[in-house]
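Residue numbers (the working numbering): 92 to 293.
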């Protein structure tokens, strides 16, 4: 006659197989959910903005060519993504970092006017960003420095009663990728950002 403990172990082993299978399926579902989730975006510090920032249409820049007042001034990046500098012409700016654009200005000056130009470029007015979805007065908003997600929502009139306050959807200009940002967040808003406040399900 089989030992009672041996029979019991066999019964437990047989009955536990469906449980183990269900657990495995649940783990697989969780794994797939994580893989399909929207990617997150690392928070930026204000000191990093000038390093990672890419110029775009609507930005205004101050170009200083030391010792050359006629070549210096305030300029706006036009619809074609270029800056028109007197005596030099159109210089591509859209999509370039501030340093890359500065190098382009230097090369353009070296090509016809100055042997060793000293040039400084700074952004004086950033292009707009956008907030839409479940906010009261969303739309195009003027960017300012030190702007965080909570500030952007406040500028858009605050949440509606239907708003999901657990996360926002962010599309950063030039990336074209939807990123899910959990709230609260200290993420710094960038010019050109597209922020959507989702609706909650009651």
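Even for Gly, the Cβ is constructed at its ideal location relative to N, Cα and C.
What residue from the options has the CA that sits closest to residue i's CA?
| i | options | result |
| --- | --- | --- |
| residue 168 | 278, 180 and 272 | 180 |
| residue 276 | 242, 225, 236 and 204 | 242 |
| residue 284 | 293, 231 and 173 | 231 |
| residue 253 | 238, 240, 246 and 293 | 293 |
| residue 156 | 248, 264 and 177 | 177 |
Determine the direct distance from the alpha carbon of residue j to that of residue i, and round the result to whole angstroms.
| i | j | result |
| --- | --- | --- |
| residue 212 | residue 272 | 32 Å |
| residue 229 | residue 145 | 24 Å |
| residue 195 | residue 268 | 29 Å |
| residue 289 | residue 257 | 9 Å |
| residue 296 | residue 192 | Given a span of 92 to 293 for the chain in the structure shown, any question on residue 296 remains unanswerable. |
| residue 235 | residue 214 | 11 Å |
| residue 162 | residue 226 | 44 Å |
| residue 209 | residue 198 | 11 Å |
| residue 224 | residue 189 | 32 Å |
| residue 260 | residue 147 | 22 Å |
| residue 239 | residue 286 | 12 Å |
| residue 207 | residue 274 | 50 Å |
| residue 216 | residue 255 | 32 Å |
| residue 246 | residue 265 | 23 Å |
| residue 159 | residue 205 | 10 Å |
| residue 175 | residue 185 | 13 Å |
| residue 250 | residue 244 | 7 Å |
| residue 182 | residue 143 | 20 Å |
So who's on the other strand from residue i, going by DSSP bridges?
| i | result |
| --- | --- |
| residue 271 | 260 |
| residue 254 | 290 |
| residue 231 | 221 |
| residue 226 | 250 |
| residue 285 | 221 and 262 |
On the DSSP letters alone, give me the boundaries of the alpha helix (DSSP H) that residue i sits inside.
| i | result |
| --- | --- |
| residue 167 | That residue, residue 167, is in no alpha helix (DSSP H); its beta strand (DSSP E) goes 164–167. |
| residue 175 | Per DSSP, residue 175 belongs to no alpha helix (DSSP H); it is in the beta strand (DSSP E), 173–176. |
| residue 195 | 189–201 |
| residue 240 | 240–246 |
Hey, would you say the C-beta of residue i is under 7 Å away from at least one heavy atom of the ligand GDP?
| i | result |
| --- | --- |
| residue 179 | Because no ligand of any kind appears in the structure shown, any question about the ligand GDP cannot be addressed here. |
Can you tell me where the beta strand (DSSP E) holding residue i begins and where it ends?
| i | result |
| --- | --- |
| residue 181 | 180–183 |
| residue 212 | 210–216 |
| residue 302 | Because the chain is modelled from 92 through 293, residue 302 falls outside the range shown and cannot be assessed. |
Counting Cβ pairs closer than 8 Å, one from the segment 274–282 and one from the segment 219–228, do we hit at least three?
yes
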